[in-house]
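Here the sequence shown is numbered in this note's numbering, starting from -10 and rising by one per residue. Below is one structure, written out as structure tokens; the observations come after it.
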Amino acid sequence: KFFAPTIKPLPLFSPNHSHSFVVLVIGESARKHNYALYGYDKPTTPRLSKRLENHELTLFNATSCATYTTASLECILDSSFKNNAYENLPTYLTKAGIKVFWYSANDGEKNVKVTSYLKNYELIQKCPNCEAIAPYDESLLYNLPDLLKEHSNENVLLILHLAGSHGPNYDNKVPLNFRVFKPYCSSADLSSCSKESLINAYDNTIFYNDYLLDKIISMLENAKQPALMIYLSDHGESLGEGAYYLHGIPKSIAPKEQYEIPFILYANDLFKEKHSIIQTQTPINQNVIFHSVLGVFEDFKNPSAVYRPSLDLLKHKKE
-10 KFFAPTIKPL
0 PLFSPNHSHS
10 FVVLVIGESA
20 RKHNYALYGY
30 DKPTTPRLSK
40 RLENHELTLF
50 NATSCATYTT
60 ASLECILDSS
70 FKNNAYENLP
80 TYLTKAGIKV
90 FWYSANDGEK
100 NVKVTSYLKN
110 YELIQKCPNC
120 EAIAPYDESL
130 LYNLPDLLKE
140 HSNENVLLIL
150 HLAGSHGPNY
160 DNKVPLNFRV
170 FKPYCSSADL
180 SSCSKESLIN
190 AYDNTIFYND
200 YLLDKIISML
210 ENAKQPALMI
220 YLSDHGESLG
230 EGAYYLHGIP
240 KSIAPKEQYE
250 IPFILYANDL
260 FKEKHSIIQT
270 QTPINQNVIF
280 HSVLGVFEDF
290 KNPSAVYRPS
300 LDLLKHKKE
């Protein structure tokens, strides 16, 4: 699928033949301050916290490039040439012969060429008993088991663009059985809600996100091929601090809640045979995504002219 393909090409590269499967999960309006993984005092991430205790996850201190979706997506997918006229990661990988799938429950995507682009409602049309999950992010996972089986001998990037924690109607993003923090705000007029009910409504979106990411990881850990999951949010969210709500304030003056984001990596055992995740407390930005994903698919005997090791969160065993 094309979106406005009048963009400058990057130098071509030849991918390796390791047959890796990368899932890039782009969250929406998720701020790291409300993740128990990052020290929040409410149990918003019970499944992921258990995996962290078992040393299955790597967390990074990250900030978003912007406080709104479109600009953050450009940064996430950009090669850091600081010129968005150049083709982005999905287009670049697709041209190199890598299968790129983009499943979306959100908007703001543009300038991408991929193998397949599907909205969540299109995915659900193929699922006979999915009415309960149809409005929610879990609908994006319906086809993941089939993709893992059908493309076990190919290099694949799957991008999942979540509805996540998009306000103001936070409760609409979460199935009833995941609305565990009560009372919760169900109004679009956030200033009319009590502080407790507003935060509970938002925390329920993080609790549901915890379930979703854990489900992805469960599929990848049993995959027949090397598999990596990268999760990050497009930006954060204000919940009334300083009388600010939602997001979109220019980053130069925005409160930290709008740009400090969760950033989580998981790799299965087959992936870790060929790659390792760096451990660092140094703050990172979203611009590491392009090179971290590209590094997985690189043929280091004939490296891409675009690839920058300094922006790669992985170390690779070069064959």
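Backbone N, C-alpha and C define an ideal beta-carbon position, used for all residues, glycine too. Since the structure is predicted, the reported quantities are computational estimates derived from the model, not experimental observations.
| Asked | Found |
| --- | --- |
| Can you check which of these residues, Met218, Ser154, Cys174, Ser9, is closest to Asn189 by C-alpha distance? | Cys174 |
| Helix, strand or coil for Lys290? Go by DSSP, reduced to three states. | coil |
| Could you name the residues of the same chain whose beta carbon sits closer than 7 Å to that of His280, not counting the 5 residues immediately before and after it, in chain order? | Tyr296, Arg297, Leu300, Asp301 |
| Please return the same chain residues whose Cβ sits closer than 6 Å to the Cβ of Ile273, not counting the five positions on each side in sequence. | Phe49, Ala51 |
| For Lys171, tell me which candidate among Leu187, Ser181, Val101 has the shortest Cα-Cα distance. | Leu187 |
| Fully enclosed by the region 58 to 146, which alpha helix (DSSP H) runs are 4 residues long or longer? | 58 to 66, 78 to 84, 109 to 113, 133 to 139 |
| Can you tell me where the beta strand (DSSP E) holding Ala216 begins and where it ends? | 216 to 222 |
| Can you give me the Cβ contacts of Glu312 inside the same chain, cut-off strictly under 7 Å, excluding the 5 residues immediately before and after it? | Absent from the model: residue 312. The displayed extent of the chain is -10 to 308, so no value can be given. |
| Quick check on Thr58: buried or exposed, where buried means 16 or more other Cβ atoms within 10 Å of its Cβ? | buried |
| Within the continuous alpha helix (DSSP H) that includes Phe260, where are the two ends? | 258 to 261 |
| Taking DSSP as the reference, what is the three-state secondary structure of Ile148? | strand |
| Helix, strand or coil for Tyr24, going by three-state DSSP, please let me know. | coil |
| In three-state terms, what does DSSP make of Gly225? | coil |
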